[in-house]
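Numbering that gives the first Met the number 0 applies: residue 0 is where the sequence shown begins, and numbers increase by one. Here's the structure we're looking at; comments come further down.
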Amino acid sequence: MTWEVVIGLETHAQLLTRSKLFSGAASAFGAPPNTQACAVDIALPGVLPVLNRRAVECAIRFGLAVNAMSAENVSRRSIFARKNYFYPDLPKGYQISQYEMPIVRGGAIGIHVNGREKRIRLTRAHLEEDAGKSIHEGMHEVSGIDLNRAGTPLLEIVSEPDMRSAEEAVAYARALHGLVTSIRICDGNMQEGSFRCDANVSVRRPGGPLGTRREIKNLNSFRFLQQAIEYEARWQIETLEGGGRVEQATVLFDPDSGETHAMRTKEDAHDYRYFPDPDLLPVAISEEWIEEVRRAMPEPSTVKRARFSSGLGIPAATAAVLTADPDTADYFERAIAGAPGELARQIANWIAVSTNAKLNERGISIRESPVAPDELRRLLERVADGTISGKIAKEVDDAMWSGEGGVDAIIERRGLRQISDSGELERACDEVIGANPRQVADYRAGKDKAFHSLVGQVMKATRGKANPQQVNEILRRKLASWPPAGG
Ligand code: ADP
Ligand code: MG
């Protein structure tokens with residue numbers, strides 16, 4: 000019998016505000032411990048929180064973006080709640096979050112996996128403050144508390160349990176990452192913890208009721224997300240098939256062993272004694288405010304993606320790659336400026352395949368690419384106008400990546416112009432036919448593979464510069480009447 004894996008993600012995106020959610024202390028990453036924690040953040044008695052307007056605007060942006068810029072999902076009124084628990088890095092004894100009235104409800108994000116489009120529904124997105132950090136260090140096993148992170152604004156984005164595999168969960172996390180970075184509400188830096196996911200995983204018999212979930216905490220890379228879900232799903236299936244039970248729990252993923260381990264049994268919402276925070280007024284969001292936020296925000300990756308695929312005819316999977324981060328989308332848009340549709344599609348494909356492979360190999364971002372967007376367009380224009388073949392284009396691209404200069408200079412210096420002179424190509428074809436009687440015979444006997452080999456040899460003889468289409472035509476014509484009359 001088969002099992003179906005069910006996954007829902009809770010993602011914390013650290014918001015790109017200069018100061019904290021309820022205080023004026025800076026929220027920048029990397030400062031020495033406790034240098035960015037003010038009286039509010041360390042919870043001195045008598046202090047009062049003041050809501051950061053920018054953080055609310057980030058949440059409104061998100062609400063607009065998850066429904067193609069419609070404000071339908073932005074609550075006009077939301078409230079903050081206290082989530083009570085004890086932990087050394089939480090001096091107030093509660094976290095200010097949102098419970099019953101989050102700032103964003105509903106919406107969806109499209110993903111693309113294995114050639115299939117799927118919509119992942121969002122339950123909600125709410126504002127909350129981050130906690131501080133316990134630091135364990137030194138040979139004396141001293142623990143310290145750094146409250147720099149306390150009060151940092153987060154948007155927690157909760158999905159419905161709509162994903163059915165680790166691949167889908169990763170595609171969703173990538174799409175969400177692309178979205179929050181495109182609208183500039185989060186820097187997306189996963190190493191620094193600006194974007195981290197909790198994965199809720201359960202398994203069930205297809206069509207049956209939802210199984211009991213375990214929640215894997217704090218996954219801060221797409222690779223860990225994938226590995227953790229795969230391990231967890233396998234573990235749950237093995238446990239159930241071995242006659243065991245899955246208990247609801249919070250688990251941690253250990254990247255070294257690739258395993259998940261239970262950390263604590265899961266609290267229920269009532270354990271936290273949520274109640275409205277009496278120090279904070281409800282947030283009222285007017286239509287005017289929403290309009291003001293809408294006017295100021297960059298185009299969301301989700302909208303861009305639809306524009307690329309339906310507007311430019313770019314395959315959905317490619318459009319997803321191009322909008323995975325704002326720099327790639329920006330590079331693509333600069334490269335296609337003024338390009339006709341077919342050329343734009345070729346540029347799209349080139350970036351998604353070749354450029355991405357080279358960036359990954361070198362571990363650099365597209366902003367550091369040695370090939371400027373207009374040089375990439377010129378490269379593909381030279382293929383389109385027949386100056387070089389698609390194969391030679393790869394050589395020119397490699398040369399640009401090694402710093403040899405622009406497209407046209409490389410073509411001239413290396414003598415890469417495509418040979419379209421039919422006299423020269425006819426001679427090359429004659430020579431190859433003359434030197435390969437066996438393959439000629441095979442082709443005449445109906446073996447098409449022999450033909451490809453002959454084309455390959457002409458390409459080789461011309462060092463890849465022959466126009467392949469012309470070579471095809473000339474060879475077919477010559478072979479059709481082989482041996483030549485009187486020959
Ligand atoms: P919390 O984890 O804070 O208790 P929720 O109960 O709202 O919050 O669920 C959080 C996440 O768990 C959501 O993303 C939801 O889609 C997911 N989820 C809920 N039930 C299941 C389940 N049976 N299997 C997998 N994911 C689930
Ligand atoms: Mg949870």
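Where a beta carbon is used, it is the ideal one built from N, C-alpha and C, also for glycine.
Item: Looking only at its chain, what residues have a beta carbon closer than 6 Å to the beta carbon of Q190, apart from the 5 residues adjacent to it on each side?; Value: none
Item: Going straight from the alpha carbon of A12 to that of N219, what length do you get?; Value: 11 Å
Item: Let me make sure I understand the geometry here. Which of E214, S480, I432 has the alpha-carbon closest to that of V457?; Value: I432
Item: With distances taken Cα to Cα, identify the nearest neighbour of R333 among I350, P48, A319, H176.; Value: I350
Item: Identify which residue in H451, R475, L424, R437 has its Cα closest to the Cα of A460.; Value: L424
Item: Does the distance from the CB of L209 to the CB of V5 come in under 9 Å?; Value: yes
Item: Could you work out which residue in G109, Y98, A25, G29 is closest to V65 when comparing CA atoms only?; Value: G109
Item: Got a sec: does the ligand ADP put a non-hydrogen atom nearer than 8 Å to the Cβ of T264?; Value: no
Item: Name the DSSP bridge partner or partners of G143?; Value: I134
Item: Suppose contacts are defined by Cβ-Cβ distances below 9 Å. Is K132 in contact with D197 by that definition?; Value: no
Item: Below 8 Å on the Cβ atoms is my contact criterion, and I expect R163 with E3 to pass it. Report the Cβ-Cβ distance as a whole number of Å.; Value: 6 Å
Item: Going by C-alpha distance, which of S96, G404, H135 is nearest A268?; Value: S96
Item: For the ligand ADP, is there a heavy atom less than 8 Å away from the beta-carbon of D267?; Value: yes
Item: How about L251 and A165: do their beta carbons lie closer than 9 Å?; Value: no
Item: Any idea if R195 is buried or exposed, counting beta-carbon neighbours within 10 angstroms, 16 or more meaning buried?; Value: buried
Item: Look at the alpha carbon of D145 and the alpha carbon of E71, and state the distance between them as a whole number of angstroms.; Value: 39 Å
Item: Using the DSSP secondary-structure output, state which residues sit across from V282 in a beta bridge.; Value: S77
Item: By alpha-carbon positions, which one of S300, G337, A336, P281 ends up nearest to L321?; Value: S300
Item: Out of A30, L8, D40, N355, state which residue places its alpha-carbon closest to the alpha-carbon of T327.; Value: N355
Item: Run the proximity test for G210: is its beta-carbon closer than 8 Å to any non-hydrogen atom belonging to the ligand ADP?; Value: yes
Item: Just the Cα atoms here: how many angstroms apart are T249 and I289?; Value: 37 Å
Item: Please list the terminal residues of the continuous alpha helix (DSSP H) segment that includes R173.; Value: 165-181
Item: For I78 and V157, what's the separation of their Cα atoms in angstroms?; Value: 17 Å
Item: Considering just the uninterrupted stretch of the beta strand (DSSP E) at C428, what are its terminal residues?; Value: Element bounds for C428: not the beta strand (DSSP E) but the alpha helix (DSSP H), 421-434.
Item: Rounding to the nearest angstrom, what Cα-Cα distance links E360 and L378 in this structure?; Value: 21 Å
Item: Determine the closest residue to T264 out of E214, D278, S285, with distance taken between C-alpha atoms.; Value: E214
Item: Roughly how many whole angstroms lie between the Cα atoms of N199 and Q468?; Value: 54 Å
Item: Helix, strand or coil for D253? Go by DSSP, reduced to three states.; Value: strand
Item: Let me know if M0 comes out buried or exposed under the rule of 16 or more other beta-carbons within 10 Å of its beta-carbon.; Value: exposed
Item: Out of curiosity, what's the CA-to-CA distance linking L453 and G192?; Value: 56 Å
Item: Can you give me the Cβ contacts of V292 inside the same chain, cut-off strictly under 8 Å, excluding the 5 residues immediately before and after it?; Value: E56, I59, R60, L63
Item: By a C-beta neighbour count over all protein chains shown, 10 Å radius and 16 as the cutoff for buried, is G404 buried or exposed?; Value: exposed
Item: Quick one: what's got a C-beta closer than 8 Å to R120's C-beta in the same chain, skipping five residues either side?; Value: G105, G106, A107, S158, E159, D161
Item: Can you find a heavy atom of the ligand ADP that lies under 8 Å from the Cβ of I6?; Value: yes
Item: Which residue wins for smallest C-alpha separation from G114, given the options G385, R476, T317, V470?; Value: T317
Item: Given the structure, does V169 come close to the ligand ADP, in the sense that its CB is under 8 Å from one of the ligand's heavy atoms?; Value: no
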